[in-house]
Amino acid sequence: MTAEHLDGNALAGPLGEIFAVDVTAATGRCASCGLAGPVASLRVYGPDPGLVARCPGCEEVILRLVRGPGTAWLDLRGTVSLRVNLPD
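This is the structure we're talking about:
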C-alpha cells in the first residue's frame, strides 16, 4: 500500500458513537491471516467516503465504517471475532 494510513485509534471517536465501550481496546482476529490484536493496531484509511481498517499483518480489509446523517454502516466481514472487555 502506498497511501498514508492512521493507526486504529482513529476509529475511537466514530466507533464510540455506536458502542458504549472503547472498541479500539477490543481484540479482533483477521479472517484472512488469523492475526489477533487490538483494534487500535489496525491501519485505517479515510475518512471519505468512509473509514477502512486493514490488518497490519496481511493488509486485508478488517472493517468498514461509513456515516450518514443519523446513520452508520459497520461492515466487520473481515473479522473472525471481536473480544470486547466490558466494565464490571
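In terms of the UniProt record's numbering, the sequence shown has 2 at position 2, counting the first letter as 1, and numbering is strictly consecutive. The C-beta atom is built at its ideal place from N, Cα and C for all residues, glycine as well. Just so we're clear, the structure is a prediction, and the values are computed from it rather than from any experiment.
Rounded Cβ spacing between residue i and residue j (contact assumed at less than 8 Å)
i, j, result
"Arg77", "Gly50", "In fact, because the Cβ distance is near 14 Å, the residues do not count as touching under 8 Å."
Cut-off 8 Å between Cβ atoms - residues of its own chain near residue i, not counting five sequence neighbours on either side
i, result
"Leu42", "Asp7, Gly8, Leu11, Gly28, Ala53, Arg54, Cys55, Pro56, Ile62, Leu63"
"Cys33", "Cys55, Gly57, Cys58, Glu60"
Proximity below 8 Å, CB of residue i to CB of residue j
i, j, result
"Val80", "Ala31", "yes"
"Ala26", "Pro38", "yes"
"Leu74", "Leu82", "no"
DSSP three-state assignment for residue i, whether helix, strand or coil
i, result
"Ala31", "coil"
"Val23", "helix"
"Gly13", "helix"
"Gly78", "coil"
"Gly8", "helix"
Unbroken beta strand (DSSP E) run spanning residue i, endpoints
i, result
"Pro38", "36-38"
"residue 107", "Residue 107 falls outside the range modelled here, since the chain spans only 1 to 88, and no answer is possible."
"Leu63", "61-68"
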